[in-house]
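*Asks:*
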Amino acid sequence: DPQGHLSLASGLKHGTSQAKSIVSFFKENTPLAKLLYETPAGWQLIPATLELSKIDALYGSDPQAAKLLKQGLAEELSLTGAPILIDCCPMLGVLTLNALLAADKVLIPVSADYLSQHGVHRLDSALNVLEKKLQRKFERRIVVTRFDSRRKLSFDIYDQLRERYGDLLCRTRIGETVALATSPMHGLDVFAYAPHSPGAADYRALAKELMDSGFV
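Under our numbering, the first residue of the sequence shown is numbered 16, with each subsequent residue one higher.
(1) Between the alpha carbons of residue 209 and residue 193, how many angstroms are there, rounded?
(2) Indicate the three-state DSSP secondary structure (helix, strand or coil) for residue 154 in the structure shown.
(3) Quick check on this structure: which residue in 156, 167, 206 has the alpha carbon closest to the alpha carbon of residue 224?
(4) Reducing DSSP to helix, strand and coil, say where residue 120 ends up.
(5) Taking only the alpha-carbon atoms, compute the straight-line gap between residue 39 and residue 86 and give it to the nearest angstrom.
(6) If I follow the unbroken alpha helix (DSSP H) through residue 147, where does it start and stop?
(7) Quick check: the segment 101–120 against the segment 171–185, are there 3 or more CB pairs under 8 Å?
(8) Which residue's Cα is closest to the Cα of residue 95: 120, 59, 20?
(9) Alpha carbon to alpha carbon, how far is residue 55 from residue 211? Give it in angstroms, no decimals.
(10) Determine whether the Cβ of residue 116 lies closer than 8 Å to any Cβ atom of chain D.
(11) Relative to the C-alpha of residue 189, which residue among 207, 74, 168, 217 is closest?
(12) Which residues in the same chain as residue 207 place their Cβ atom closer than 6 Å to its Cβ, once the five residues preceding and following it in sequence are excluded?
(13) How far does the alpha helix (DSSP H) with residue 70 in it extend, from its first residue to its last?
(14) Using 8 Å for Cβ pairs, my map puts residue 250 next to residue 159. What's the rounded Cβ distance?
(15) From the DSSP output, which residues share a beta bridge with residue 228?
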C-alpha cells in the first residue's frame, strides 16, 4: 500500500526506508529477502513508501506485471517457508493484482459504515470476475472493523453483510477502541502496546476463529 500505514504503525518512519522498500523489488528486481526490516515487535517487514504509487504508471497494461510479486515470493518461500501477510489497498491496479495473484487466501476488512460496505461489495464482485478469468478460486473472509456497539448502524451493517455473505463473514467483530487507535502512534501493534485491552482481545478472537475454521 503506497500510503505505508503498516510501515508507520510498525515503528518505521517515512524517509528511513526509501532505499530499502518494496519499490526496489518492482523497479530494480531486488530480492525480497534483502529488503526485510526487523520491527520493534520482533517480526520482519518490507516497508512501502509513496514512491510505490508510481508503479501502476511504470508498468501500464503489461500483462506480466501482475505476476512479479508471486514470482518473487516463490523464491522467498523456497528459502524460509514462513507465512507471509500482504497489506494492499482496495483499488484494483497493478499493485493489488500482484497481491491477489501471490496470495493463497484473502482477508477483507470492512469498517462498520455504509461507504465501506459498498466498497467490499465492489471488491467481491471484482474477485468473482478475476476468478472466472484466471480459472482459480480466491478463498476469502470478510471481517468487520471499527464496530461501535453503541451505534445501531454498526449492527445494521453487520447484519446486512451476514445476510449477503453468510459464512464468509467472520463472526468476530473488531471494536472501535482507544488502544487500536493509539498503538500506531507508538510504532507498536496492539498486543505489544496494550495486550490486555479489548482491541487485543478482539484480534486474538479473530485469529482463533480463522485458525479453528481452517482458513489459516
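Note that CB positions come from ideal geometry on N, CA and C, so glycine has one too.
*Replies:* This is what the structure holds:
(1) Straight-line Cα distance between these residues: approximately 10 Å.
(2) It is a strand residue.
(3) Of the candidates 156, 167, 206, the one whose C-alpha sits nearest the C-alpha of residue 224 is 156.
(4) The answer is strand: DSSP assigns residue 120 an E or B state.
(5) The straight-line gap separating the alpha-carbon atoms of residue 39 and residue 86 is approximately 15 Å.
(6) Taken as a continuous stretch (DSSP letters only), the alpha helix (DSSP H) holding residue 147 covers 129–149.
(7) The answer is no - the segment 171–185 does not touch the segment 101–120, with fewer than three Cβ pairs under 8 Å.
(8) Closest by alpha carbon: 59.
(9) Here the alpha carbon of residue 211 sits roughly 19 Å from the alpha carbon of residue 55.
(10) Absent here is chain D; the protein component of the structure consists of one chain.
(11) Put simply, of 207, 74, 168, 217 the residue whose alpha carbon is nearest the alpha carbon of residue 189 is 217.
(12) Counting only Cβ-Cβ distances below 6 Å, and skipping sequence neighbours, we find 56.
(13) Annotation: the continuous alpha helix (DSSP H) that includes residue 70 extends over 70–74.
(14) Since the first and last residues shown for the chain are 16 and 231, residue 250 lies out of range.
(15) Looking at the DSSP assignment, residue 228 forms no beta bridge with any residue, so it has no partner.
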